[in-house]
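Peer 1:
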Amino acid sequence: MRLMFLTPAARQERSTFTLVALASLWLATVGNLALWRSLVNLPDVTGWHSWTFGAAFALIIACVVAALLSLLAWRVTLKAAISLLLLLAAFATHYMWMYGIVVDTPMVVNVFQTDTREARDQLSLQLLGTVTGIAIIPMLWLWRQPVRAMAFGQQLWRNLGLCVAALLLAFGTLQLVFQDFASLMRNHTQLRYQINPLNSVYALLDLTVIPSDQAKGPLQSLGLDAQIAPRSSQHVQRPPLLVFVLGETARSQSFSLNGYERLTNPLLAQENIASFRNVASCGTSTAESVPCMFSHLGRTNFAKRQHEYENLLDVLQRAGYAVLWIDNQSGCKDQCDRIPNINTSDLKVPEHCVGDECRDTVMLTRIEAELAKLPTERRARGTVVVMHQMGSHGPAYFKRTPAEFKPFKPECTDTSLSQCDRAQVVNAYDNTIVFTDYFLSRVIGWLKTQDKTSTPAMLYVSDHGESLGEKNMYLHGLPYSVAPAEQKTVPLITWLSPSFEQLTHISTRCLQVNRDKALSHDNLFHSVLGLMAVKTTVYQRELDFFAACEGH
Ligand SMILES: [Zn+2]
Numbered sequence: 001m002r003l004m005f006l007t008p009a010a011r012q013e014r015s016t017f018t019l020v021a022l023a024s025l026w027l028a029t030v031g032n033l034a035l036w037r038s039l040v041n042l043p044d045v046t047g048w049h050s051w052t053f054g055a056a057f058a059l060i061i062a063c064v065v066a067a068l069l070s071l072l073a074w075r076v077t078l079k080a081a082i083s084l085l086l087l088l089a090a091f092a093t094h095y096m097w098m099y100g101i102v103v104d105t106p107m108v109v110n111v112f113q114t115d116t117r118e119a120r121d122q123l124s125l126q127l128l129g130t131v132t133g134i135a136i137i138p139m140l141w142l143w144r145q146p147v148r149a150m151a152f153g154q155q156l157w158r159n160l161g162l163c164v165a166a167l168l169l170a171f172g173t174l175q176l177v178f179q180d181f182a183s184l185m186r187n188h189t190q191l192r193y194q195i196n197p198l199n200s201v202y203a204l205l206d207l208t209v210i211p212s213d214q215a216k217g218p219l220q221s222l223g224l225d226a227q228i229a230p231r232s233s234q235h236v237q238r239p240p241l242l243v244f245v246l247g248e249t250a251r252s253q254s255f256s257l258n259g260y261e262r263l264t265n266p267l268l269a270q271e272n273i274a275s276f277r278n279v280a281s282c283g284t285s286t287a288e289s290v291p292c293m294f295s296h297l298g299r300t301n302f303a304k305r306q307h308e309y310e311n312l313l314d315v316l317q318r319a320g321y322a323v324l325w326i327d328n329q330s331g332c333k334d335q336c337d338r339i340p341n342i343n344t345s346d347l348k349v350p351e352h353c354v355g356d357e358c359r360d361t362v363m364l365t366r367i368e369a370e371l372a373k374l375p376t377e378r379r380a381r382g383t384v385v386v387m388h389q390m391g392s393h394g395p396a397y398f399k400r401t402p403a404e405f406k407p408f409k410p411e412c413t414d415t416s417l418s419q420c421d422r423a424q425v426v427n428a429y430d431n432t433i434v435f436t437d438y439f440l441s442r443v444i445g446w447l448k449t450q451d452k453t454s455t456p457a458m459l460y461v462s463d464h465g466e467s468l469g470e471k472n473m474y475l476h477g478l479p480y481s482v483a484p485a486e487q488k489t490v491p492l493i494t495w496l497s498p499s500f501e502q503l504t505h506i507s508t509r510c511l512q513v514n515r516d517k518a519l520s521h522d523n524l525f526h527s528v529l530g531l532m533a534v535k536t537t538v539y540q541r542e543l544d545f546f547a548a549c550e551g552h
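To convert, note that position 284 of the sequence shown is 284 in the working numbering; the numbers rise steadily by one, no gaps.
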């Protein structure tokens, strides 16, 4: 008789909805203890406000997990799916809690490459305890629950409905806390890899079904026929010297040169420059834009490329020029792998560096010494220097500018943008543009001093823009198709010395006339080759925006 009470039929049947809801809530709370500990320990997460934010964050996680489980919410698959997520979350929690690791794709690759001896070394009582508490106990309960049977069609509609409802709830909640959420994720990138079990699921999908954008076989050579074409100018014999300033997070809208009502470019406005107002970036993040800017492929073809190719700098070097990359940021994203390069961001030059960061002007303190190290025979033909700025890198804009370059006050001095008024965020950002204006005018000033030995010019382009609260969006990095213009419209400024204009027959006046022409990062590769008179079959004259101004 007693056995009869224990048969599943005698128990209360659970609907798939109940099990999905319970599992999602369990995973979002207990399954994310390591994430919640990290959040509590963050200096910028304090006060009652952070409790409501934490609750919203947990609800978003629960909803996304529920949406994921709803796809597998069938009587035969649901328990296995929940069990898998519980186990993933439990193992991840243990390693995150004990070792402070995060679960990203390389970490999962490491796990798969761990041999049995290493795995045995890692087995411990704590691991057993964590896995039991987070996964085994709920699994014991779960597998004893009878699941209510339902007709196929009815179950399908229920699952679809659950999936849509969960995603809508997640999206709605995200809208309520978007500013905090975006700030947090940008300030603490590692947090996204601490969200259990979505981190493990994503890494597993990344390894299996998501097409890889990593190394695509051996590097393909480019412009093997590249040569410097003889210049027709009889008057200028000095070699060209081009400084290509690679900007960071500068948006076109915040440049007074491009119509912004605040005076953010007081110094450049006094120079003989051309500023293009309608330039589209290749991506909305540094990692996406920078490799694309130096590529011959252009945005569309770059995204679907089958191979990695050499870039603009390789072609310039192959043609015979001296090429140098000076980086004042996190690195050149593989663009300077085959050319001389230095990083100035960790120099401790007192006038230019504060803590572990240097102002962009530090690059000018090193340029002459670094140029002197380049081969003399190359420098006799001409030189191209890339200066990679720290620029307007956010969200801590206020850290990018020294006190004497803060005309717009008060500025937001919190790394979490949500703690500030929008006006303060804009002030801090605009100050970074004022400093970039100063830096570019200093570059031009230095180039003018080189006019006796070379024929100088400058080209400045930013990698992507930035949202500063428009449509309640901040920072950058949204998928290109949905990103607003603020994240995709970048400044592009040229300065040609009179001797450079003579050498190339390109006039700044003509460039100024064309300032509203629709350009993009796609034009850069060909325009720089054109400007430097490099003859090669990969050069496409129709993409060279200087070509239209030759002889004008
Ligand atoms: Zn960037």
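By construction, the Cβ of each residue, glycine as well, lies at the ideal position given by its N, Cα and C atoms. For clarity, every value in this text was computed on a predicted model and none was experimentally measured.
Considering only DSSP beta bridges, list what C358 is partnered with.
Peer 2: Its beta-bridge partners are C353.
Peer 1: For the stretch 291-349, which segments carrying the alpha helix (DSSP H) assignment without a break, of at least 4 residues, lie completely within its bounds, in sequence order?
Peer 2: Runs found: 298-303, 312-319.
Peer 1: Where DSSP assigns a beta bridge to E550, which residues make up the other side?
Peer 2: According to DSSP, which records beta bridges pairwise, E550 is partnered with I506.
Peer 1: Just to confirm, does T286 get its C-beta within under 6 Å of one of the non-hydrogen atoms of ligand 1?
Peer 2: T286: yes, Cβ under 6 Å from ligand 1.
Peer 1: Quick check on V147: does DSSP put it in helix, strand or coil?
Peer 2: Three-state DSSP puts V147 in a strand.
Peer 1: Taking the Cβ atom as the reference point for each residue, do Q126 and G247 lie within a distance shorter than 7 Å?
Peer 2: For Q126 and G247, no; Cβs fall outside 7 Å.
Peer 1: Nearest to K399 by alpha carbon, out of E357, Q424, L440, I82?
Peer 2: The shortest C-alpha separation from K399 is found at E357.
Peer 1: Quick check on the burial criterion: 16 or more other C-beta atoms within 10 angstroms. Buried or exposed for R117?
Peer 2: Reliability of the predicted coordinates at R117 is poor, the pLDDT of 47 falling under 50, and the value obtained from them is presented with this limitation in mind. R117 comes out exposed.
Peer 1: Does H235 pass the burial test, meaning 16 or more other C-beta atoms within 10 Å, or should it be called exposed?
Peer 2: Exposed is the call here.
Peer 1: Is any heavy atom in ligand 1 found nearer than 6 Å to the beta carbon of D463?
Peer 2: True, at least one ligand heavy atom lies under 6 Å from that Cβ.
Peer 1: Which word fits I137, buried or exposed, when buried means at least 16 other C-beta atoms lie within 10 angstroms of its C-beta?
Peer 2: Result: exposed.
Peer 1: Which residue spans inside the stretch 442-502 form an unbroken beta strand (DSSP E) run of at least 3?
Peer 2: Counting only runs of 3 or more, we get 455-462, 492-496.
Peer 1: Assign Q227 to one of three DSSP states: helix, strand, or coil.
Peer 2: Looking at Q227 - three-state DSSP - the assignment turns out to be strand.
Peer 1: How about E486: is its Cβ closer than 6 Å to a heavy atom in ligand 1?
Peer 2: Flag unset: Cβ of E486 not near ligand 1.
Peer 1: Regarding E466 and ligand 1, is the C-beta to nearest heavy atom distance less than 6 Å?
Peer 2: Every heavy atom of ligand 1 is 6 Å or more from the Cβ of E466, so no.
Peer 1: Is N427 buried or exposed, if buried means 16 or more other CB atoms sit within 10 Å of its CB?
Peer 2: Classification of N427: buried, given that the 10 Å Cβ count is 16 or more.
Peer 1: DSSP state of R14, grouped into three classes?
Peer 2: R14 falls in the strand class under three-state DSSP.
Peer 1: Run the CB neighbour count on S200, radius 10 Å, all protein chains shown included, and call it buried at 16 or more, exposed below.
Peer 2: By the neighbour-count rule (16 or more Cβ atoms within 10 Å), S200 is buried.
Peer 1: Which residues mark the beginning and the end of the beta strand (DSSP E) in which F276 is found?
Peer 2: It spans 273-276 - the beta strand (DSSP E) in which F276 sits, taken as one unbroken run.
Peer 1: Within a Cβ cutoff of 6 Å, which residues of the same chain sit near T536, ignoring the five residues on either side of it in sequence?
Peer 2: Same-chain partners within the cutoff: G223, D225, A226.
Peer 1: Say yes only if the C-beta of E248 is nearer than 6 Å to one or more non-hydrogen atoms of ligand 1, and no if none qualify.
Peer 2: Yes; taking the cut-off as 6 Å, the Cβ of E248 has a heavy atom of ligand 1 nearer than that.
Peer 1: Can you check whether the CB of L78 is closer than 7 Å to the CB of T173?
Peer 2: No, the Cβ-Cβ distance between T173 and L78 is not below 7 Å.
Peer 1: My output table needs one value for T401: the three-state DSSP class, helix, strand or coil.
Peer 2: Looking at T401 - three-state DSSP - the assignment turns out to be coil, as it is neither helix nor strand.
Peer 1: Kindly indicate which three-state DSSP category Q194 falls into: helix, strand or coil?
Peer 2: Three-state result, Q194: helix.
Peer 1: Assuming V461 and L524 form a contact by the criterion Cβ under 8 Å, report the distance between their Cβ atoms to the nearest whole angstrom.
Peer 2: About 7 Å separates the two Cβ atoms, so the contact holds.
Peer 1: Indicate whether A135 and T93 have their beta-carbon atoms separated by less than 7 Å.
Peer 2: In this structure, T93 does not lie closer than 7 Å to A135 by Cβ.
Peer 1: How far does the alpha helix (DSSP H) with F178 in it reach, from first residue to last?
Peer 2: First-last of the alpha helix (DSSP H) with F178: 178-187.
Peer 1: Is the stretch 512-531 in contact with the stretch 268-282, if contact means three or more CB pairs nearer than 8 Å?
Peer 2: A contact exists between the stretch 512-531 and the stretch 268-282.
Peer 1: For G217, which three-state DSSP category applies?
Peer 2: Coil, per DSSP.
Peer 1: Measuring alpha carbon to alpha carbon, tell me which residue in A303, T453, L86 is nearest I195.
Peer 2: Comparing Cα positions, the closest option is L86.
Peer 1: For the alpha helix (DSSP H) that contains H526, what are its first and last residues?
Peer 2: H526 -> alpha helix (DSSP H) spans 524-531.
Peer 1: Tell me whether M387 sits in a helix, a strand or coil according to DSSP, three-state version.
Peer 2: Strand.
Peer 1: Nearest by alpha-carbon distance to I444: which of T361, P407, L478, H505 is it?
Peer 2: Taking only the C-alpha atoms, the option nearest I444 is T361.
Peer 1: Looking at C-alpha atoms only, which residue of S507, C549, V434 is the closest neighbour of L263?
Peer 2: Taking only the C-alpha atoms, the option nearest L263 is V434.
Peer 1: Looking at the strands, I want to know which residues DSSP matches up with A55.
Peer 2: According to DSSP, which records beta bridges pairwise, A55 is partnered with nothing at all.
Peer 1: Would you kindly report the start and end of the unbroken alpha helix (DSSP H) that includes L72?
Peer 2: L72 -> no alpha helix (DSSP H), and no H or E assigned at all.
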